[in-house]
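Structure first, commentary second.
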Amino acid sequence: MRGSFRGAPNTSLSDRLRQREENAKHRSALLAARSTEKGPKRFQGEDLANENSRIAAIADARLAALANVPLLPIGEDPQPLSDVYNEILRAAIEASEKGEPTVLMTWPERDVCLSAIASLLTLADIAVAPETTIDRYGVKVKSFERPKGFKALIYPYARTTHEQARDIQVDRKYLHRIHLDHLHRHSVENDDARSLKDYHQILSRVSTLSGKGRDGTIRPEFEHPTLDEILPHGGCDGIVHSNGSLLWRTASRTDLKEHNTVSKHANDGNQAEYFLYGLKRGEEHAMRKVRGGLNLILFDLTRTGRGRLGEDWVDRATRIYRLMRKVFPRVGFVAITEDPWTFDKARFEIFSEMVELRGRRPQPAKSRTITALSSLALKSREGKIAWSGVETVQVKGFNGPGRRIIDDLRAVRHRVKRGGDPAGLAAINEIIAKLRRTSCLPGSFSAFNQYLFNEHGQAAAADVIENYRVAPQVQMLQQPSQRAFVVGGSELVDSLQETSTVMTAFNRTTPMSTMLERAVGRVINSSSKTLFMFRKQTLAEFAEDYLCRVIPDLRAKLDNEMIVFSGPGGLTDIAGLAPSERNRFKRIFVVSPPRDGVLSFFARRWLPVEVIVVADGDTLKYSARDASRLAEQIREPEIASRLRLFADNAEKDVAGLGMAPIKLSETPELPEEVHFPSESVINLVGPYSKSDGELIELTMEGGQTIIARPGSALVRLDTSRSIHTFRKIDARDAHERDNICVISSSFVDRARLLLSIQANASEAIRDYHEEVADRFAKLRGFHESDKIRTLIDKMGDPNLQIATVRRWVHLEKQLQARLEDVVTQAPRQPETFSKFTAALGIPTNLANRFWHWGVRAQRSFRMKAGMEFHDAYLNILTDPDASLAFARDTKRADEIARLIRLAEEYVSPVRATRRFKP
-4 MRGSFRGAPN
6 TSLSDRLRQR
16 EENAKHRSAL
26 LAARSTEKGP
36 KRFQGEDLAN
46 ENSRIAAIAD
56 ARLAALANVP
66 LLPIGEDPQP
76 LSDVYNEILR
86 AAIEASEKGE
96 PTVLMTWPER
106 DVCLSAIASL
116 LTLADIAVAP
126 ETTIDRYGVK
136 VKSFERPKGF
146 KALIYPYART
156 THEQARDIQV
166 DRKYLHRIHL
176 DHLHRHSVEN
186 DDARSLKDYH
196 QILSRVSTLS
206 GKGRDGTIRP
216 EFEHPTLDEI
226 LPHGGCDGIV
236 HSNGSLLWRT
246 ASRTDLKEHN
256 TVSKHANDGN
266 QAEYFLYGLK
276 RGEEHAMRKV
286 RGGLNLILFD
296 LTRTGRGRLG
306 EDWVDRATRI
316 YRLMRKVFPR
326 VGFVAITEDP
336 WTFDKARFEI
346 FSEMVELRGR
356 RPQPAKSRTI
366 TALSSLALKS
376 REGKIAWSGV
386 ETVQVKGFNG
396 PGRRIIDDLR
406 AVRHRVKRGG
416 DPAGLAAINE
426 IIAKLRRTSC
436 LPGSFSAFNQ
446 YLFNEHGQAA
456 AADVIENYRV
466 APQVQMLQQP
476 SQRAFVVGGS
486 ELVDSLQETS
496 TVMTAFNRTT
506 PMSTMLERAV
516 GRVINSSSKT
526 LFMFRKQTLA
536 EFAEDYLCRV
546 IPDLRAKLDN
556 EMIVFSGPGG
566 LTDIAGLAPS
576 ERNRFKRIFV
586 VSPPRDGVLS
596 FFARRWLPVE
606 VIVVADGDTL
616 KYSARDASRL
626 AEQIREPEIA
636 SRLRLFADNA
646 EKDVAGLGMA
656 PIKLSETPEL
666 PEEVHFPSES
676 VINLVGPYSK
686 SDGELIELTM
696 EGGQTIIARP
706 GSALVRLDTS
716 RSIHTFRKID
726 ARDAHERDNI
736 CVISSSFVDR
746 ARLLLSIQAN
756 ASEAIRDYHE
766 EVADRFAKLR
776 GFHESDKIRT
786 LIDKMGDPNL
796 QIATVRRWVH
806 LEKQLQARLE
816 DVVTQAPRQP
826 ETFSKFTAAL
836 GIPTNLANRF
846 WHWGVRAQRS
856 FRMKAGMEFH
866 DAYLNILTDP
876 DASLAFARDT
886 KRADEIARLI
896 RLAEEYVSPV
906 RATRRFKP
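Position 322, counted from 1, in the sequence shown is what our numbering calls 317; the numbers after and before it change by one each time, with no gaps.
Structure below.
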């Protein structure tokens, strides 16, 4: 029978219902198959409890075995692993066994070394292997069962991932003994794992290490292998990095290389049983080249890792995680971050494997918050932490005239994004960022421009001011040919006009400058000291210059240090003072801190009793939400109490600004961070004119430009020796491809947080006083006055008074004082200081060290971010042995080592040199 032509076939109601039922069954079958084949193994009820107990037992066994491995900082005695690293390792073992993602937040410290985590898991896998005996030619020999092997991947990867792993050594006698015992198994059994045999054989030969390098010098760096040397690492294609093979460091600088004649299967990632893959951003397709499977993937979502991923790191991380799940379906993931907002974003969205159903939030990934008061991998020897300060917290926020414009631009931005105009979207984002940045300046925009010109010259001023000017972006968006202009319509046109009006108003004053004027007026007559802590040292110096012109009485308070303007390093310097001196600082104004920075600020051990946070409304709104969440998760009661105090007051102030607070259950998109970019022009000359002589311009591969005089001192990384060291050179001697450490203002700000100049100065002062007292006692003369006259005669300065010199040599009180109470008793003029030390017979090099550390460095409140800090850190980097000689404890020596690592991040090759006359 012929069908009806009145309608298409299979379109009746019954047909549609049947098709829907078949599609539902097919979809269920596909999901079930994917869950079985791709997803990690799931357990229910009693099986789940048994499985968790089994995995916990595995973690306990591996951590117990790892605890018996002697680990030591370079040149020191063995120390146990820190609690922070033990918690991370436990989470990594459990994630690896379950094949599930785990999100970890280490707070407040964030410098967790993922490479060290992988190396420690390798040590644990080898150490946990059960002991056994084998029959070797009729003799029972101790050995171990074959270990399982361990291969991991780090994403996003960079070479700096390994830095901290290079500071921890593994005892050579332990490595020799355990790997030699493992090697016995391969000598008698038919074990075809050539790479594993090579691995044991290479590491069993480290007993020949003695600390003696090829150049004949004995250094503690060469006595034992480091964590970075016991796990080969390379790209996803299995090719080992140039500095990633087994024992790459010690073998290249000692005679160990001649003894290691075995084949290189252990360094081939495609054959190795132990290997660490590094996957960089932009090379994600290479993950499919990994051969032999993986045990663990380490996801770096710290500030450093997010910076590597770019501004769209959330979308990129989500996409790459989904791709990794398909390529490595049963591998465990550990994501590490230090930011509460990132922590929630990662566990609720990026690594959550449950889809949203009927408006319900998906089940978050497994997560854990780890209270990390130290980022060291090995346990610190210091005792219980003594907390002090923060009795009251006040919060002062502002919106300013640009707030409504920013909200309007954000609404337009969504339409432009949907319209597919990346250039227009970038321009709008740039305008919003510059509006927020300019509103947070501690003085008017025109005054900031003039200050930069006066202090740093035209080139540096133009470079910095470009980060605040909105005219280029406004002009681009006003072009009718731009897609954003069409999509934004009249709303965009009006917003751009108002933007220009607001920026003109900022030339007269900014919301932050108005608040600071009131704040200074409130404390200027106070009998206690006050610290104003700015985001950057350069902003602190500008605020001092601007506010002293607005408030003339402020200069006297700054001169006698009743009021101090400083970057974050100033608080570090004050915390290092004697308790009687630092406790005179009763209050601190935290000016325009970053969203996450205001939280870590409250984790400092010593703070003034009164804390006032001054910031824009968006920063307070989001930091208040993060502080409330963090206070619930952190295990240190004092920090939790401070965070709650801040969150409560911030929420009240935000409500007073007419802004709705964020619910704790929400993770909204973050606003644009208030970021103050570092300069790309580093001017070591200062303002220069046509009357100046020849200058040198160095263009660096990193994009920076250094302007210097031919005799200006620079820091060059010398790679020609077995140990890479920093050397001082003149700018005239810098050539193309030289590796120069760019000591910019951002370097200074970070360095001051790592190493207190004042604390190191106190140690140098004590050494200086001891040297002067010893040499003065040996001068010719029966009485003190005779010796002083002899000293004046040697100095050749008849105008010197005996009373003046007596004060320089009367040092009994300083020698008996506590280290933190020591102050300099020495000539304040460089020429007089040189004559004084020469007359005493102090060598010139040592006298120069005493001058930099014993005299200039103690006045760090008066130092500026330009040449003075540049010279101070230059002397540490190029003469670390002197700094270490002044260091009176391992903590200070560790700070100097961390400073040197920081400097390596700022090393850039010279692309071109140019000599010019202004």
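Quick reminder that beta carbons are idealized off the backbone N, C-alpha and C, glycines included. Just so we're clear, the structure is a prediction, and the values are computed from it rather than from any experiment.
Can you grab the Cα-Cα spacing for the pair Glu425 / Lys207, in whole Å? 55 Å
From Ser237 to Asn265, what does the alpha carbon distance come to, in whole angstroms? 17 Å
Pick out the complete alpha helix (DSSP H) segments inside the region 35 to 93, 4 residues or longer, and give them in chain order. 40 to 62 and 78 to 93
Determine the closest residue to Asp310 out of Phe671, Glu664 and Gln820, with distance taken between C-alpha atoms. Glu664
Close Cβ partners of Pro589 (< 6 Å) along its chain, the five nearest in sequence each way excluded: none
If you measure between the beta carbons of Asp713 and Arg722, is that distance less than 8 Å? yes
Given a cut-off of 8 Å on the beta-carbon distance, is the pair Arg283 and Thr249 in contact? no
Go ahead and label Glu16 buried or exposed: buried means 16 or more other beta carbons lie within 10 angstroms of its beta carbon, across all protein chains shown. exposed
Could you tell me the distance, in whole angstroms, from the CA atom of Arg85 to the CA atom of Thr832? 57 Å
My assumption, with CB atoms under 8 Å, is that Val469 sits in contact with Pro396. Please give the rounded CB distance. Val469 to Pro396, Cβ: 16 Å. No contact.
Arg910 lies in the beta strand (DSSP E); which residues open and close that run? Val902 to Phe911
Is DSSP giving Cys736 helix, strand or coil here? strand
Residues bridged to Asp713 (per DSSP): Thr720
Please identify the residue among Thr332, Gly273 and Asn394 whose C-alpha is closest to the C-alpha of Gly300. Thr332
Identity of the residues DSSP links to Asp295 by a beta bridge: Ile331
Same chain, Cβ closer than 8 Å to Arg732, neighbours up to 5 away in sequence not counted: Pro904 and Val905
Check whether Leu430 and Thr494 have beta carbons under 8 Å apart: yes
Integer Cβ distance of Leu271 from His228, believed to fall under 8 Å: 4 Å
On a CA-only basis, which of Thr221, Arg314 and Ala188 is nearest Pro68? Give me that one, please. Thr221
What are the start and end residues of each continuous alpha helix (DSSP H) run of 4 or more residues lying completely inside the region 438 to 506, in chain order? 440 to 460, 466 to 472 and 478 to 501
Which residue's Cα is closest to the Cα of Ser780: Arg770, Gly681, Ala798 and Val767? Ala798
For Gly378, three-class secondary structure by DSSP: coil
DSSP three-state call for Arg854: helix, strand or coil? At Arg854 the pLDDT is 47, less than 50, meaning the model places this residue with poor confidence and gives no usable figure here.
So the candidates are Tyr152, Arg747 and Glu486; which of them puts its Cα closest to the Cα of Leu566? Arg747
When you compare the CB positions of Val459 and Glu674, do they come within less than 8 Å of one another, or not? yes
Please determine, among His730, Met695 and Asp232, the residue with the shortest C-alpha to C-alpha distance to Ile738. Met695
Taking just the CA atoms, how far does Lys808 sit from Ser522? 28 Å
Can Ile735 and Leu693 be called in contact, C-beta distance under 8 Å? yes
Report yes if the C-beta distance between Val411 and Ala479 is below 8 Å; otherwise report no. yes
Nearest to Arg244 (by Cα), restricted to the options Gly287, Arg276, Arg189 and Ile163: Ile163
Where Arg399 falls, given that 16 or more other Cβ within 10 Å makes a residue buried: exposed
Using only CA atoms, which one of Gly681, Ala834, Ile634 and Phe217 lies nearest to Asp788? Ala834
Along the chain, where does the alpha helix (DSSP H) that runs through Ala160 open and close? Looking at the DSSP string, Ala160 is not in any alpha helix (DSSP H), and its letter there is neither H nor E.
Distance, Cα to Cα, Ser485 vs Asn394? 24 Å
Supposed contact pair Gln473 and Leu447 - C-beta distance, whole angstroms, cut 8 Å: With 8 Å as the limit, Leu447 and Gln473 do not qualify as a contact, their Cβ atoms being about 28 Å apart.
If I follow the unbroken alpha helix (DSSP H) through Gly592, where does it start and stop? Gly592 to Phe596
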